Structures are given as C-alpha cells and as structure tokens.
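Only one structure is covered here, and it is reproduced in the block below.
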Amino acid sequence: KSRKSDSAMKARVLAWAAFAGLAASVAGFATLGPRAPSHRRRGGGRQPLVMPGASGAVADLSGKVAVVTGGSRGIGKGIALELGAAGAVVYVGGRSTREAGGATQERALGQGSEDSTIEKTCEEIAALGGVGVPVFLDARDDSSVAGLMDRVRKEQGRLDILVCAAFSTPPQLNDATFRDDFWKQGARMWDACNEVGLRGVYVTCCAAAPLMIDTAQAAQAAAAAQAAQAAGGGARATKEGASRPLIVCVSSFGGKSYTFNVAYGVGKAAVDRLASDMHVQLSKAYGVDCVSLYPGVVRTEGNVEMERRGEGAAASG
Numbered sequence: 551k552s553r554k555s556d557s558a559m560k561a562r563v564l565a566w567a568a569f570a571g572l573a574a575s576v577a578g579f580a581t582l583g584p585r586a587p588s589h590r591r592r593g594g595g596r597q598p599l600v601m602p603g604a605s606g607a608v609a610d611l612s613g614k615v616a617v618v619t620g621g622s623r624g625i626g627k628g629i630a631l632e633l634g635a636a637g638a639v640v641y642v643g644g645r646s647t648r649e650a651g652g653a654t655q656e657r658a659l660g661q662g663s664e665d666s667t668i669e670k671t672c673e674e675i676a677a678l679g680g681v682g683v684p685v686f687l688d689a690r691d692d693s694s695v696a697g698l699m700d701r702v703r704k705e706q707g708r709l710d711i712l713v714c715a716a717f718s719t720p721p722q723l724n725d726a727t728f729r730d731d732f733w734k735q736g737a738r739m740w741d742a743c744n745e746v747g748l749r750g751v752y753v754t755c756c757a758a759a760p761l762m763i764d765t766a767q768a769a770q771a772a773a774a775a776q777a778a779q780a781a782g783g784g785a786r787a788t789k790e791g792a793s794r795p796l797i798v799c800v801s802s803f804g805g806k807s808y809t810f811n812v813a814y815g816v817g818k819a820a821v822d823r824l825a826s827d828m829h830v831q832l833s834k835a836y837g838v839d840c841v842s843l844y845p846g847v848v849r850t851e852g853n854v855e856m857e858r859r860g861e862g863a864a865a866s867g
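The sequence shown maps to residues 551 to 867 in our numbering.
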C-alpha cells in the first residue's frame, strides 16, 4: 500500500483513540457527578463530542453499535456514557445487575453507589438521548462472552466498537500487601489480576472479531458502491460507510513500568501486546483497528471511597 494510504489508516486509528481517551478522561464526571454541560444541547438533545487533535472533527456515532465490558461503574461506565451520548447503541456488559442485588462486593464503593449496575448505566445513557442495552456478562465465563456477541449479531448485525474495560478487583487492594513481593502473593494475585483483566480480554476479542470483520467488509462494500454510483452520476463521493471498527483494550502505565506488583504489570504489558498483535492481524487484512488505552488515574467510585477512608496512599504506593 502507498504511504498515503498508510498515513490515512493511522490517522483514523489516532482519531478513534483520541475519542476513546476523551471518553475515559470524563469517566469521573460521568460516574460521580453532574455531566459536563458542553455535552448537551439545549432542550436535552445529544451534542456529539469533539475529538482532540482531529482537526475539530465531530464524533457522531449514529448508526454504530458498541459493546463495553465492565460498564456498571468506573472507566467502563464513563466510556459507555460517552459512546451513547455520541449516538452509538451501547451494549453494557457486567456482573453488577439489579436482579443479582446490585453492585458486586469485591471493592467498597461508598454511599450512593449501591445501584452501580448495568441497568443504571443504561438509564443514564437514555437520559443523554442515547440507547443502552444492559446485558449480564461474566468475562470469566467463555459461554457468557459468546452469548453476548451472539445477541449483538442477532439484534444488530454489526459491531463497530468493542471496549474491554472489565477488571476484577485484586485482593488486599486497599492496603500495602497489594504491593508485596510476588513470591508472597503467589498465584492468587496472578489470577485476580489476569483472569478477567487479560484472559477475559482475549476471549472477548476472539468472540467479537468475526462480527467486527463482517462489519468492516460491509462498510467497505457500501463505500465502494457509493463511490461507483457517485462516479457514474458525476457526484462527489462521501466517506459515509467507510469507517473502520475499533477494539479498545483498557490498560495502564503499569504495562510500561513497575506499578503495584509483578502480576499487575505483566498483565497490563500483555494487554498492550495483545492489542498490538491483534492490530497486525486485523488491520490490513480485515479493516479492523486495535488500540490499548491508558486512562491514567480516574475519579472512579472505588478510588474516591478509598481516598475518603484514607487508604489511597497505601494502595497507590
């Protein structure tokens, strides 16, 4: 391929990554406080987000379908809200459901967070003028993951965006033992960090890839048909239908330098490599892009509660 086409592909990836980064950066507002007023139109309508660094391009995701795992709270919820506000139909996956009694209890979330559920996230998406679909998802269960993707294929016939944000809270997160020597933590810490945070991401991407490839191929065919029609009629072709599906793997700076403990860092480095190597196989051959996303420190419900109890320093090191 020409350098020009490679540059265009990279620009699309960076634009999508910028939007995903913006969504993650506002997760604190989306989950913990009033929504930033600039994202709403007067009268309650949706205001598409502007992607930083993308020449003022507006992220209008109308007609797109997204899946966000770990969407009941935290970073996953923040991203789900932004995708919904931008027009995408968002399937919000997670284990915290009202039917199961509310938020899972691995980590204290503080008062007012009892209803940190996938249903609540979808209600907030609806309040922003979007469409959210709550789906129970246990990323440790391969059949649960496959069931979600089968449902999306049946109901929507496409998948444009996959955000893997599910992560199981490790033991002793709130004290210094979370940063203990690896031989003292043993396999328990490895499994806690990487069963959902790495294996679950891999399995989710495996289940989603076929539908995302189909979505990319349909978009390419539609774009080609549109170009042919425009050429025949003397009209100028637009880029409608030519967008590429995107997989976003939520990672952290722990993938680049020592953070917390050995198991955590290895898992995040592996997620980064997973995104990179999936991109090699999916991008040029199938038109699906992959990125890993480093949100940084986010004001999630759990982090705010940990700070309130004075445990932040011990947990963060």
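Think of the CB as a built atom: it goes at the ideal place given N, C-alpha and C, for glycine as much as any other residue.
Bear in mind that the values here come from a model prediction, so they are computed numbers and not experimental data.
Sequence-distant residues of the same chain with beta carbon closer than 7 Å to residue i, five excluded per side
i: residue 587; result: At residue 587 the pLDDT is 32, less than 50, meaning the model places this residue with poor confidence and gives no usable figure here.
i: residue 818; result: 801, 802, 804, 805
i: residue 702; result: 615, 617, 641, 709, 761
i: residue 573; result: With a pLDDT of 46 at residue 573, under the threshold of 50, the predicted position of this residue should be treated as unreliable, and no value is reported.
i: residue 829; result: 839, 840
i: residue 737; result: none
i: residue 774; result: none
i: residue 820; result: 748
Coarse secondary structure for residue i, derived from DSSP in three states
i: residue 698; result: helix
i: residue 802; result: coil
i: residue 753; result: helix
i: residue 684; result: strand
i: residue 816; result: helix
i: residue 847; result: coil
i: residue 796; result: strand
i: residue 689; result: coil
i: residue 647; result: strand
i: residue 575; result: At residue 575, the pLDDT of 40 sits below 50, so the modelled position is not reliable and the matter cannot be decided from this model.
Close Cβ partners of residue i (< 6 Å) along its chain, the five nearest in sequence each way excluded
i: residue 580; result: With a pLDDT of 35 at residue 580, under the threshold of 50, the modelled position of this residue cannot be trusted; read the value that follows with caution. Same-chain partners within the cutoff: 628, 631.
i: residue 813; result: 739, 740, 743
i: residue 680; result: 634, 635
i: residue 684; result: 642, 668, 669, 672
i: residue 639; result: 615, 681
Rounded separation between residue i and residue j - CA only
i: residue 686; j: residue 729; result: 32 Å
i: residue 839; j: residue 706; result: 20 Å
i: residue 674; j: residue 781; result: 44 Å
i: residue 735; j: residue 744; result: 14 Å
i: residue 636; j: residue 612; result: 7 Å
i: residue 807; j: residue 731; result: 16 Å
i: residue 718; j: residue 778; result: 49 Å
i: residue 496; j: residue 768; result: The structure shown does not extend to residue 496, since the chain spans only 551 to 867, so no value can be given for it.
i: residue 776; j: residue 647; result: 43 Å
i: residue 733; j: residue 809; result: 16 Å
i: residue 816; j: residue 759; result: 24 Å
i: residue 649; j: residue 690; result: 19 Å
i: residue 624; j: residue 834; result: 33 Å
i: residue 824; j: residue 845; result: 17 Å
i: residue 727; j: residue 666; result: 27 Å
Bounding residues of the alpha helix (DSSP H) (the contiguous stretch that carries residue i)
i: residue 842; result: Residue 842 -> not in any alpha helix (DSSP H); beta strand (DSSP E) instead, spanning 839-843.
i: residue 616; result: Element bounds for residue 616: not the alpha helix (DSSP H) but the beta strand (DSSP E), 615-619.
i: residue 744; result: 732-744
i: residue 676; result: 668-677
Cβ-Cβ distance between residue i and residue j below 8 Å
i: residue 620; j: residue 716; result: yes
i: residue 634; j: residue 682; result: yes
i: residue 695; j: residue 757; result: yes
i: residue 827; j: residue 842; result: no
i: residue 714; j: residue 847; result: no
i: residue 699; j: residue 811; result: no
i: residue 692; j: residue 753; result: yes
i: residue 711; j: residue 832; result: no
Boundaries of the beta strand (DSSP E) in which residue i is found, first to last residue
i: residue 644; result: 639-644
i: residue 633; result: Premise fails: residue 633 lies in the alpha helix (DSSP H), 624-635, not in any beta strand (DSSP E).
i: residue 712; result: 711-714
Same chain, Cβ closer than 8 Å to residue i, neighbours up to 5 away in sequence not counted
i: residue 677; result: none
i: residue 837; result: 763, 766, 767, 769, 770, 794, 795
Closer than 7 Å: residue i CB and nearest the ligand SAH heavy atom
i: residue 818; result: Among the components modelled here there is no ligand, and therefore nothing to report on the ligand SAH.
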